[in-house]
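Q: One structure follows; several queries about it will come next.
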Amino acid sequence: MTEAVVSHPHFISLEGGEGAGKTSALAAIRDLLQARGFEVVVTREPGGTPLAERIRELLLNAKDEPLAPETELLLMFASRAQHVREVVRPALQRGAFVLSDRFTDSSYAYQGDGRGLDKAWIEALERRAVGLKPGLTLLLDLDVREGRARTAGRDLWPDRIESEQDDFFERVREGFRRRAAAELQRFRVIDAAQSPAQVAAAVSAAVSQWLDAPK
Ligand code: Z5A
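In this text, residue positions in the sequence shown follow the UniProt record's numbering: the first is 1, and each later residue adds one.
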């Protein structure tokens, strides 16, 4: 059973609230890494394997009964454990870069800060079921109402988490910002209120600088 959480230099995650623009930022980073000749695996959480995508469906669209916060956390980690073993570790072992749209920081922010679950429990799950963290995490930071306005037209039927109130998303945003401030080596905070082109340029600059820095 894994007990340490080890960071990997080829593992990059993107984090942020709803509508922050992770999708286009991921494409910019993928292009940059491929231009440097690396194999790149783009993936996401919850999800990333067929089984984990089925867990994602339960997490976002469970309609039969309310999902308890504890169930939500455990399903996030069930998805992550599968994703790490089936996709992330094998890709890193063959030398590829892994770009993940969200990873464990989202569990700390959404289930920890948003739902109020015990962080020590999340830490224990991270150590025992995951054992791995990104070498670089880009936090796309955006005003909550602006992010929700961006996705309002798209989400005619918002999923379970998207249906939460603004105060939930304010706690999530603060949680992300606190994590970034506590781990300056790993996090780069990007102003996601800029235009898509400016955000793409900022994430590309952050990744290039990190790749070129001595490790
Ligand atoms: N979750 C959790 O609770 N715990 C966990 O451990 C994990 C996840 C791993 C995943 O759903 C949900 O699971 C998520 C957190 C939770 N819930 N929420 N909320 P998801 O993957 O469907 O949700 P998301 O990650 O928030 O996706 P998103 O809302 O699509 O955000 P995005 O990928 O960052 O945004 P986007 O698709 O790139 O852009 C959204 C729209 O904004 C789109 O129309 C763009 O054209 C527009 N956009 C993007 N950038 C800009 C700029 N710069 N200016 C103007 N408009 C822009």
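Where a beta carbon is used, it is the ideal one built from N, C-alpha and C, also for glycine. Bear in mind that the values here come from a model prediction, so they are computed numbers and not experimental data.
Could you check the C-alpha separation between V203 and D212 for me, to the nearest Å?
A: 14 Å
Q: What residue from G95, A109 and T49 has the CA that sits closest to E18's CA?
A: Out of G95, A109 and T49, A109 has the C-alpha closest to the C-alpha of E18.
Q: Using the C-alpha atoms, what's the distance from R127 back to R148?
A: 33 Å
Q: Quick one: grab the DSSP three-state call for D64.
A: In the structure shown, D64 sits in coil (DSSP, three-state: anything other than H, G, I, E or B).
Q: Going by the CB atoms, is the gap between L67 and H10 shorter than 8 Å?
A: no
Q: Output the residue ranges of the beta strand (DSSP E) runs that lie fully inside the region 137 to 195 and measure 3 residues or longer, sorted by chain position.
A: 187 to 191
Q: Quick one: Cα of K215 to Cα of G153, how far?
A: 43 Å
Q: Have a look at A78 and L125 and give me their C-alpha separation to the nearest angstrom.
A: 10 Å
Q: Is there at least one non-hydrogen atom of the ligand Z5A closer than 7 Å to the beta-carbon of T71?
A: no
Q: Would E39 be called buried (16 or more neighbouring beta carbons within 10 Å of its own) or exposed?
A: E39 counts as exposed, since fewer than 16 other beta carbons sit within 10 angstroms of its beta carbon.
Q: Less than 8 Å between the beta carbons of D141 and V189, yes or no?
A: yes
Q: Report buried or exposed for V130, applying the criterion of at least 16 other Cβ atoms within 10 angstroms of its Cβ.
A: buried
Q: Where are the beta strand (DSSP E) runs, 3 residues long or more, that stay fully inside the region 33 to 58, in chain order?
A: Counting whole runs of 3 or more residues, the region 33 to 58 contains the beta strand (DSSP E) stretches 40 to 44.
Q: Just the Cα atoms here: how many angstroms apart are Q194 and R186?
A: Here the alpha carbons of R186 and Q194 stand approximately 22 Å from one another.
Q: Quick check on L74: does DSSP put it in helix, strand or coil?
A: helix
Q: Flag this pair as yes or no: are the beta carbons of R102 and S13 separated by less than 8 Å?
A: yes
Q: Less than 8 Å separating the beta-carbons of L60 and R160?
A: Contact flag set, yes.
Q: Measure from the alpha carbon of R173 to the alpha carbon of each residue in W157, E146 and G47, then state which is nearest.
A: E146
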